[in-house]
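Read in order, the letters of the sequence shown correspond to residues 507 to 810 in the working numbering. Ideal placement from N, C-alpha and C gives every residue a C-beta, glycine not left out. The structure presented is a predicted model; accordingly, all values stated were derived computationally and were not measured.
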Amino acid sequence: MKIRRNDPPDQQFDEGTVMTAQKSRNASLLSHLGDAALPFGIVVALLATWEAAVHLLKIQPFVLPAPTEIFKELLISGPTVILPQLHVTLIETLAGYLAAVIISAILSVLILYSSTFRRGVLPLIVASQTIPIITMAPVLVIWFGYNSLPRIIITAIVAFFPLTIAAVTGLKSLEPQFIDFFRSLNATPAQIFFKLRLPVALPSIFGGLKVAATLAVIGATISEWVGASQGIGYLIAQDTALLNTTRVFASLTVLGVAGMALFGLVGLIERLSMPWIYARPSMAWLRASQNPRAPAAAVARPRQ
């Protein structure tokens, strides 16, 4: 690559800067591939050990099925039995999760700005988490009927607590001098919240969102064990009673993949919401291009 000598100075770029950005991007890609290869290798090793142990020890399928048998069950029962039940569970999970997000947002703001509310309600919120969630399902069925609403409520109850605590912790983590600085600029309370408190609290909030995402899947599944006639939890309970352990493991596999997908979706939203944290070194040219004082060498975009 040669520098075009006839271009204006602001259109010239340094070959070294471009190559450095390209190498950084390649190194980042290799790093991500390495991060994915390690857990994949561990899973393969565990499955191979599991398969060998089942055959060598001659374990009966109703006790512990082999991974190959679970895979066959996925092919047989997955499209017709497991996935329709998973669809029901995912709807309950997402509905309960969204309800938990809304409830947590309201509670965290009230706890942040009202000391009376914090002293009166926060202990009750903590106490609600000490009650075994499965014992609440029959009561909620009596109150709200034999439908999806009790399961959505249980999912929201399970998911909202860590999200609320994470949001309150993040919103209260701001140092007072920053608030004083904004007030010296005549910023309104709304401006202080949305332009200062909320951006600072985002890492903590998304940490709570990730934890709540996994708990929402667990809450929806457990709630289907009692007071449900459909859903992946109901299917697992029925297959457990029938000693159909192979399909139990197949259902758990699909449920685990769904939980990982929801967790990954939250992680993707986190990256899009906080680009200043997850910006890669290979994107240095883009950050520099937004700086009017940046030299042309730093602004030049590397070739793809």
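Cβ atoms of phenylalanine 666 and serine 610: under 8 Å apart, would you say? Position 104 of the sequence shown, counting from 1, holds the residue named residue 610. Position 160 of the sequence shown, counting from 1, holds the residue named residue 666. For serine 610 and phenylalanine 666, yes; Cβs fall inside 8 Å.
Can you tell me which of the three DSSP states serine 788 falls into? Numbered from 1 along the sequence shown, position 282 holds the residue referred to as residue 788. Note that serine 788 scores a pLDDT of 45, beneath 50, so its modelled location is shaky; the value from the coordinates is reported in the next line. The answer is helix: DSSP assigns serine 788 an H, G or I state.
Would you report the Cα separation of isoleucine 648 and leucine 758, rounded to the nearest angstrom? Your numbering for residue 648 matches position 142 in the sequence shown. Your numbering for residue 758 matches position 252 in the sequence shown. Going by the C-alpha atoms only, they are around 29 Å apart.
Does the Cβ of glutamine 697 have 16 or more other Cβ atoms within 10 Å, making it buried, or fewer, making it exposed? Here residue 697 refers to the residue found at position 191 of the sequence shown. Exposed is the call here.
CA-to-CA distance, leucine 570 to valine 754, given in whole angstroms: Numbered from 1 along the sequence shown, position 248 holds the residue referred to as residue 754. Numbered from 1 along the sequence shown, position 64 holds the residue referred to as residue 570. C-alpha separation (whole angstroms): 10 Å.
Alanine 718: which of Phe577, Val607 and Leu778 sits nearest, CA to CA? Locating residue 718 in the sequence shown gives position 212, counting from the first residue. Ranked by Cα distance from alanine 718, the options Phe577, Val607 and Leu778 are led by Val607.
May I ask which residues mark the beginning and end of the alpha helix (DSSP H) holding glycine 770? The residue given as residue 770 occupies position 264 in the sequence shown. Taken as a continuous stretch (DSSP letters only), the alpha helix (DSSP H) holding glycine 770 covers 751–779.
Here's a check: name, in chain order, each residue in its chain whose Cβ is nearer than 6 Å to the Cβ of aspartate 745, leaving out the five neighbours to either side. Counting from one through the sequence shown, the residue named residue 745 turns up at place 239. Excluding sequence positions up to five before and after aspartate 745, its CB lies within less than 6 Å of the CB of Arg753 and Val754, all in the same chain and listed in chain order.
When the Cα atoms are used, what is the spatial distance from proline 709 to glycine 676? Reading the sequence shown from its first residue, position 203 is the one you call residue 709. Reading the sequence shown from its first residue, position 170 is the one you call residue 676. Going from the Cα of proline 709 to the Cα of glycine 676 covers about 8 Å.
Considering Cα atoms alone, identify which of Ala558, Thr574 and Ile663 is closest to alanine 756. The residue given as residue 756 occupies position 250 in the sequence shown. Of the listed residues, the one whose Cα sits closest to alanine 756 is Thr574.
Using beta-carbon positions only, say whether histidine 561 and alanine 551 come within less than 8 Å of one another. By 1-based counting over the sequence shown, the position of residue 561 is 55. By 1-based counting over the sequence shown, the position of residue 551 is 45. Taking the C-beta atoms as reference points, alanine 551 is found no nearer than 8 Å to histidine 561.
At what residues does the alpha helix (DSSP H) containing phenylalanine 712 begin and finish? Along the sequence shown, read from residue 1 onward, the residue named residue 712 stands at position 206. Residues 704–729.
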